[in-house]
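Here is the structure we will look at.
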DNA sequence: GTACTTTTACTCGGATACCGTCTGTCCGAGTAATTATGG
DNA sequence: CCATAATTACTCGGACAGACGGTATCCGAGTAAAAGTAC
């Protein structure tokens, strides 16, 4: 049981996009290059983020991706859910309930506990936003490195 | 990302074993039959539980499995960890930290949050024990069904 | 009846096959900006 | 110079190959009780 690496990559992609000026977009290929991921696969992740209403995509020449909402409103959980899907971590088979002769469908000996555990896992991911991680970056990233990245992005980005 | 079905099956196997009288054991095949699982695979799960010090195994004729400790001391988390392993749900690649020029190894923008989320998930599983689930069974299971199961177990079990 | 051997019924643990999921690649289609072309 | 066509550079989404992990099966080895055998 391990989280898809796509979740981490997606979070980082969203973080990269926070450095974009208003109305700018970044091509998917540039983003995947920066994260060291394979472009053709990364496009699929980006499209999932578009489907989840986290990104806006602009087709055509000078097209690319941009955040749909402001970083303060994008929770880490939203990205997690967009990539991992909405299915819960635990699915009861109901075998044991059958064995015990428990008729009531609402009673599942384990899933109540599992559901509660998953909710407290998720609530932690709902607390943090892309913006709060971005603030961590500003605290820990060397300023010259940040300006270098910023200029690289402005060079590669496309206004429209 | 989904929990192994082996975790659920293992929890139920442990629950079955709580119905065993002192010094009795149940063969692995009987347990797997009751849970509707394939015997050859289920043996592997049981052995994992033995390795994790949750079960005691008795080899030879009249051999089988029995709980090592009392149900009050066995947490759901112990079973989860025995089957799923100790690896955490999230493993940082460090790619983004490299991109940001963050040298300090201790700083990982995402893993702090992920670690915290996983801990609150685990703490829920640590709270509940096999015994507390067993009490739920007594509340929700028809009494006649319980006595039927109890007598089946005492018929199939082996004293030594 | 006792000592020894064989059979039986389990666990143990490694080798291996199957299958679903995640990762990764490829390609045709759609879209829009840019460039080329024809009058 | 303007309108139209072709090219270019992206996204879109489906099809598909490969890798990996979880599930499942099998088998030989170890172990201990029971049954059989010899004296």
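Residue numbers (the numbering used here), protein chains in the order written: chain A, 1094 to 1253; chain B, 1094 to 1253.
Ideal Cβ positions, reconstructed from N, Cα and C, are used throughout, including at glycine.
Per-residue burial, residue i [other beta carbons within 10 Å of its own, 16 or more giving buried]
i, result
"residue 1159 of chain A", "buried"
"residue 1215 of chain B", "buried"
"residue 1168 of chain A", "buried"
"residue 1203 of chain B", "buried"
"residue 1243 of chain B", "exposed"
"residue 1206 of chain A", "buried"
"residue 1127 of chain A", "buried"
"residue 1101 of chain B", "buried"
"residue 1110 of chain B", "buried"
"residue 1183 of chain A", "buried"
"residue 1130 of chain A", "buried"
"residue 1153 of chain A", "exposed"
"residue 1229 of chain A", "buried"
"residue 1106 of chain B", "buried"
Local conformation of residue i per DSSP, three classes
i, result
"residue 1112 of chain A", "coil"
"residue 1157 of chain A", "strand"
"residue 1144 of chain B", "helix"
"residue 1176 of chain B", "helix"
"residue 1121 of chain B", "helix"
"residue 1186 of chain B", "coil"
"residue 1195 of chain A", "coil"
"residue 1251 of chain B", "strand"
"residue 1246 of chain B", "helix"
"residue 1149 of chain A", "strand"
Cut-off 6 Å between Cβ atoms - residues of its own chain near residue i, not counting five sequence neighbours on either side
i, result
"residue 1104 of chain B", "1172"
"residue 1120 of chain A", "1157"
"residue 1122 of chain B", "1132"
"residue 1198 of chain A", "none"
"residue 1162 of chain A", "none"
"residue 1099 of chain A", "1138 and 1176"
Interface residues of chain B facing residue i [CB-CB closer than 9 Å]
i, result
"residue 1226 of chain A", "1202, 1203 and 1206"
"residue 1104 of chain A", "1189, 1202 and 1203"
"residue 1213 of chain A", "1210, 1213, 1214, 1216 and 1217"
Proximal chain A residues relative to residue i, where beta-carbon distance stays under 8 Å
i, result
"residue 1097 of chain B", "1094"
"residue 1197 of chain B", "1233"
Within chain B, partners of residue i - CB distance below 8 Å
i, result
"residue 1053 of chain A", "For chain A, the structure presents residues 1094 to 1253; residue 1053 of chain A sits outside this window and is missing."
"residue 1180 of chain A", "1095"
"residue 1122 of chain A", "What residue 1122 of chain A touches in chain B: nothing, since even the nearest Cβ is about 16 Å away."
"residue 1174 of chain A", "What residue 1174 of chain A touches in chain B: nothing, since even the nearest Cβ is about 11 Å away."
Residues that residue i contacts on chain B, provided the C-beta gap is smaller than 7 Å
i, result
"residue 1160 of chain A", "Within 7 Å Cβ-Cβ: nothing; residue 1160 of chain A doesn't reach chain B, min ~17 Å."
"residue 1229 of chain A", "1202"
"residue 1183 of chain A", "1096"
"residue 1248 of chain A", "None at all; the shortest Cβ gap to chain B is about 16 Å."
"residue 1165 of chain A", "Chain B residues near residue 1165 of chain A: none, gap ~16 Å exceeds 7 Å."
Interface residues of chain A facing residue i [CB-CB closer than 7 Å]
i, result
"residue 1177 of chain B", "1094"
"residue 1169 of chain B", "1206"
"residue 1221 of chain B", "1206"
Interface residues of chain A facing residue i [CB-CB closer than 9 Å]
i, result
"residue 1129 of chain B", "1186, 1188, 1191 and 1192"
"residue 1218 of chain B", "1206, 1207 and 1210"
"residue 1150 of chain B", "Ordered by position in chain A, no residue passes the 9 Å Cβ test against residue 1150 of chain B, which lies about 22 Å from the chain."
"residue 1125 of chain B", "Per Cβ cutoff of 9 Å: no residues; residue 1125 of chain B is ~11 Å from chain A at best."
"residue 1115 of chain B", "Result: empty, since nearest Cβ-Cβ is about 23 Å, beyond 9 Å."
beta-carbon residue i near the ligand GDP non-hydrogen atom, thresh 8 Å
i, result
"residue 1168 of chain A", "Although the ligand GDP was asked about, the structure shown includes no ligands whatsoever."
Same chain, Cβ closer than 8 Å to residue i, neighbours up to 5 away in sequence not counted
i, result
"residue 1231 of chain B", "1239"
"residue 1226 of chain B", "1104, 1108 and 1169"
"residue 1200 of chain B", "1190"
"residue 1181 of chain B", "1207, 1208 and 1211"
"residue 1213 of chain B", "none"
"residue 1124 of chain B", "1106, 1109, 1110, 1135, 1139 and 1158"
Same chain only: Cβ atoms within 7 Å of residue i, ignoring 5 sequence neighbours per side
i, result
"residue 1113 of chain B", "1119, 1159, 1246 and 1250"
"residue 1224 of chain B", "1164 and 1165"
"residue 1097 of chain B", "1176 and 1177"
### Query
Would the segment 1166–1181 of chain B and the segment 1139–1155 of chain B be scored as touching if the rule is three or more Cβ pairs under 8 Å?
yes
### Message
With a threshold of 8 Å, are at least 3 pairs of Cβ atoms found where one atom belongs to the segment 1175–1194 of chain A and the other to the segment 1130–1142 of chain A?
### Response
yes
### Contact between the segment 1183–1191 of chain B and the segment 1219–1238 of chain B (3+ Cβ pairs under 8 Å)
no
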